[in-house]
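Numbering (the working numbering), first residue to last: 1 to 555.
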């Protein structure tokens with residue numbers, strides 16, 4: 001009658017990083033002033049070097065406990081016999097005799113009754129013997145549970161500050177339990193997500209409380225990421241995914257802080273910045289020999305992408321085409337004083353006038369899913385370019401609704417017969433993956449993003465904290481906490497975007513050697529852990545071996 005705790009490690013082998021090795025070859029290209037302006041844009045990029053090595057998680061070991069009853073014979077079984085209490089005086093008399101006299105005078109086992117003290121003594125002897133037999137097994141378990149991570153010792157000390165480090169000679173049950181609890185923030189995050197996915201809410205709630213004491217938005221990248229992901233888990237538990245995006249006020253009008261944070265993110269993180277630049281390069285090449293160009297942008301953001309484009313068109317050695325940009329945004333945002341489309345259009349008009357570029361801006365006050373071809377005012381004689389930069393993932397697809405607004409939008413754009421369509425998206429699947437695999441993939445992806453930010457912004461930088469809090473944290477919480485229509489951030493892997501574009505009738509338009517070479521040249525001043533590679537006509541931007549952003553062109 002013994003329950004023996006057996007511990008084992010479960011492997012969650014979810015590794016969605018791309019195994020390809022990025023090319024380190026760079027093209028040398030002499031850039032003309034106009035081309036230089038196009039790819040450099042504003043000189044607010046922050047090149048830097050990375051002095052800390054990245055911890056790249058490849059596998060995640062989650063501790064699970066399982067109990068299996070073991071029934072076996074033991075050498076002390078002779079000390080025990082089934083005792084039936086009899087209602088006769090004989091039983092009472094026998095109970096006061098010594099064990100030896102009872103064994104000598106009685107042979108019927110069912111009539112025996114041992115003294116309680118004797119039984120307790122035998123039980124203690126048995127317990128000591130069993131514990132002594134298991135010492136080697138407990139030592140082995142304790143050794144297996146050592147965590148190969150810089151966080152292991154601080155966390156062990158925090159959980160049991162008065163407990164010395166366990167040794168093989170002093171292993172016992174309490175030390176094994178203490179070792180089991182010594183988990184890194186990443187391990188505890190994964191345990192918590194697994195508990196939520198299995199419906200163990202009380203257990204998950206305790207882990208969230210523990211996690212909040214271990215992480216900080218001012219710590220190193222794993223700590224900062226864990227701080228935001230644990231809030232996503234807490235929000236998921238609190239709201240059960242119903243109306244959570246609205247509850248988190250993610251749809252409130254953007255503040256100046258949020259807009260500046262988005263601008264900083266696109267400037268200091270090369271993967272995002274060069275995604276825009278690759279799209280600009282493809283658009284500029286589509287302008288060749290065109291007198292009138294119309295760009296439709298379904299998510300113009302703050303219009304920063306077009307600042308460098310307008311500057312490049314002002315090259316005095318060639319005649320700039322007449323440029324018209326149509327920006328689409330929600331009705332309530334068009335007249336917004338901070339970040340509204342009217343404000344953005346006026347700023348771009350002033351910039352174009354300063355550089356001598358004929359320019360017209362038109363704002364469409366409508367949700368992207370409600371836009372029709374007649375609203376876009378496409379005119380004969382114009383070369384039409386459609387730009388999808390970090391926008392398509394916001395469109396619900398067939399997994400959300402049978403309407404499938406994502407594919408419907410692509411088919412509508414194809415019907416406009418554009419000369420070029422550019423697509424820039426983050427390379428991660430937060431769309432169709434179930435909760436726990438999605439959680440793992442999000443952790444892998446944003447771990448690389450947080451590490452990369454440390455390469456360009458100091459740990460104490462207010463800009464870095466603002467970027468993470470205003471931009472990245474909102475996306476993380478939405479992806480982790482929300483389901484159904486409430487989950488707005490629905491990214492897809494590059495292969496899925498390629499399949500969608502082809503099903504809509506588009507053909508890949510490989511980015512030119514010039515654009516490829518220019519991007520590689522401009523990436524050189526940055527930390528060498530930023531990578532770029534060309535595959536299938538698209539450019540892949542990443543941090544070490546993790547692809548973050550993919551830019552492609554279609555016609």
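C-beta: ideal position from N, C-alpha, C; glycine also.
Given residue i, which residues of its chain have a CB within under 6 Å of its CB, disregarding the five upstream and five downstream residues?
i, result
"residue 404", "397, 398"
"residue 294", "324, 382, 384"
"residue 524", "none"
"residue 327", "297, 300, 341, 363"
"residue 552", "423, 538"
"residue 432", "399"
"residue 305", "276"
"residue 501", "554"
"residue 214", "185"
Reducing DSSP to helix, strand and coil, say where residue i ends up.
i, result
"residue 477", "helix"
"residue 564", "Examination of residue 564 is not possible in this model, given that the chain is present from 1 through 555 alone."
"residue 508", "strand"
"residue 295", "strand"
"residue 311", "helix"
"residue 284", "helix"
"residue 326", "strand"
"residue 347", "helix"
"residue 119", "helix"
"residue 452", "helix"
"residue 442", "helix"
"residue 552", "strand"
"residue 362", "strand"
"residue 386", "strand"
"residue 290", "coil"
"residue 492", "strand"
"residue 342", "helix"
Quick one: what's got a C-beta closer than 8 Å to residue i's C-beta in the same chain, skipping five residues either side?
i, result
"residue 237", "196, 201, 204, 205, 208"
"residue 429", "16, 438, 441, 491, 492, 493, 496"
"residue 352", "310, 323, 358, 359"
In or out: residue i buried (at least 16 other Cβ within 10 Å) or exposed?
i, result
"residue 277", "buried"
"residue 555", "exposed"
"residue 434", "exposed"
"residue 417", "exposed"
"residue 456", "buried"
"residue 319", "exposed"
"residue 411", "exposed"
"residue 218", "exposed"
"residue 369", "exposed"
"residue 279", "buried"
"residue 460", "exposed"
"residue 547", "buried"
"residue 483", "exposed"
"residue 377", "exposed"
"residue 121", "exposed"
"residue 536", "exposed"
Which residue from the options puts its Cα closest to that of residue i?
i, options, result
"residue 469", "232, 187, 192", "232"
"residue 216", "465, 505, 378, 492", "465"
"residue 512", "223, 328, 430, 286", "286"
"residue 400", "547, 509, 485, 518", "485"
"residue 380", "370, 350, 419", "419"
"residue 366", "359, 360, 374", "374"
"residue 321", "351, 199, 307, 356", "356"
"residue 422", "451, 408, 392, 349", "392"
"residue 263", "519, 219, 220, 302", "302"
"residue 210", "218, 230, 219", "230"
"residue 313", "291, 331, 329", "291"
"residue 463", "376, 221, 532, 268", "268"
"residue 228", "478, 409, 372, 388", "478"
"residue 394", "280, 329, 453", "329"
"residue 390", "549, 520, 450, 185", "549"
"residue 545", "270, 214, 509, 448", "448"
"residue 284", "407, 387, 119, 489", "387"
"residue 409", "443, 372, 452", "372"
Within its chain, find whatever has a CB closer than 7 Å to the CB of residue i; leave out the 5 residues flanking it on each side and keep chain order.
i, result
"residue 414", "504, 505, 506"
"residue 193", "233, 436, 439"
"residue 265", "272, 467, 471"
"residue 347", "303"
"residue 261", "466, 467, 470, 471"
"residue 170", "Reliability fails at residue 170, whose pLDDT of 42 lies under 50, so the model's placement of it is uncertain and no value is given."
Taking 8 Å as the threshold (beta carbon to beta carbon), is residue i in contact with chain E?
i, result
"residue 296", "In summary, chain E is missing from the structure at hand, where a single protein chain is found."
Uninterrupted alpha helix (DSSP H) stretches inside the stretch 195-238 (no shorter than 4 residues) | 201-212
### Query
What runs of the beta strand (DSSP E), each 3 residues or longer, lie entirely inside the stretch 497-550?
530-535, 538-543
Check your understanding: Mind pulling the beta strand (DSSP E) runs of 3 or more residues that sit fully within the stretch 391-439?
Key -> 420-426
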